[in-house]
Every structure is written in structure tokens, then in C-alpha cells.
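First comes the structure, then the notes that go with it.
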Amino acid sequence: EIYRHMTRELRKAGIVIEKDAEKAQGKNVLNHVAAWLVINSMRMERIQFNMLQMQNVANIWRKRGFEGLIKQHHTFKLNRKQPDVYLRKCLDMFREPLDF
23 EIYRHMTREL RKAGIVIEKD AEKAQGKNVL NHVAAWLVIN SMRMERIQFN
73 MLQMQNVANI WRKRGFEGLI KQHHTFKLNR KQPDVYLRKC LDMFREPLDF
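The numbering used here applies: residue 23 is where the sequence shown begins, and numbers increase by one.
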């Protein structure tokens with residue numbers, strides 16, 4: 023199964039693997055495995071970079087909400103019938119829904 027994944031990824035990268043198992047011995051196999059590991063590590067780096075960018079965007083969004091709460095916290099009251107919509111949105115961005 024791993025060999026199948028490896029050959030599929032290497033084909034996408036333009037590396038041809040011989041189908042004959044006897045020809046695919048020795049140095050060739052080590053080169054193919056090393057190439058496959060590099061491809062996988064590059065993919066993981068890209069995924070981690072994308073996740074970090076999403077976290078950065080969320081952090082900027084939360085910073086703006088936190089600034090709004092700090093500046094106008096004195097106007098935010100729980101017993102108010104109609105709370106300030108902006109402050110309510112600032113507060114809501116810190117709530118994370120639970121999923122069970």
C-alpha cells in the first residue's frame with residue numbers, strides 16, 4: 023500500500039518508477055523513497071503554513087474585537103434590554119461553540 027502511494031506521488035512529480043520489482047532494487051529504491059519523503063514534507067509544510075495564516079487572520083479579528091471591548095466596556099451592561107450590537111459581536115467572537 024505504501025509503495026502504491028509512493029509511486030502515485032512520484033508520478034505526479036514526474037519521476038518514473040519501473041514496474042519490475044527486480045529492477046527497482048538498491049540505490050534506485052532509496053532515491054525514490056527519499057524523493058517521496060521530500061514531497062510529503064513539502065506538502066506538510068504547505069498545510070502548516072496555510073493553518074498558520076488562518077490563525078493569524080483570526081488573531082487580527084479577535085484583536086479588533088478586544089480593542090472594542092476595552093474602549094467601550096463601561097457601556098456594556100448585562101441587564102440592558104437592547105445591548106449594543108457592536109459590543110455584542112465583539113464579545114461573541116471570543117465564544118467557541120462546543121460540539122459533542
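Glycine included, each C-beta is placed from N, C-alpha and C at the ideal position. Keep in mind the model is a prediction, meaning the values are calculated, not measured.
| said: Can you check which of these residues, 111, 31 and 51, is closest to residue 86 by C-alpha distance? | reply: On the sequence shown, position 64 is the one that residue 86 refers to. Closest option to residue 86, judged by alpha-carbon separation, among 111, 31 and 51: 111.
| Where do the ends of the alpha helix (DSSP H) carrying residue 38 lie? | In the sequence shown, counting from the first residue as 1, residue 38 sits at position 16. Careful: residue 38 lies outside any alpha helix (DSSP H) and carries neither H nor E.
| field | Three-state class that DSSP yields for residue 71 in the structure shown | value | Looking up residue 71 in the sequence shown gives position 49. Residue state, collapsed to three classes: helix.
| So what does DSSP say about residue 114, is it helix, strand or coil? | Position 92 of the sequence shown, counted from the start, is the residue given in the question as residue 114. Here residue 114 sits in helix by DSSP.
| residue 120 in three-state terms, based on DSSP | To locate residue 120, count along the sequence shown from 1; it is residue 98. Three-state DSSP puts residue 120 in coil, outside helix and strand.
| field | Which of helix, strand or coil DSSP assigns to residue 31 | value | In the sequence shown, counting from the first residue as 1, residue 31 sits at position 9. Correct three-state label for residue 31: helix.
| task | Please report the Cβ distance between residue 54 and residue 69, rounded to the nearest whole angstrom; I am assuming they are in contact, meaning their Cβ atoms lie under 8 Å. | result | Start at 1 with the first residue of the sequence shown, and residue 54 comes out as number 32. Start at 1 with the first residue of the sequence shown, and residue 69 comes out as number 47. With a Cβ gap of about 23 Å, residue 54 and residue 69 do not count as contacting.
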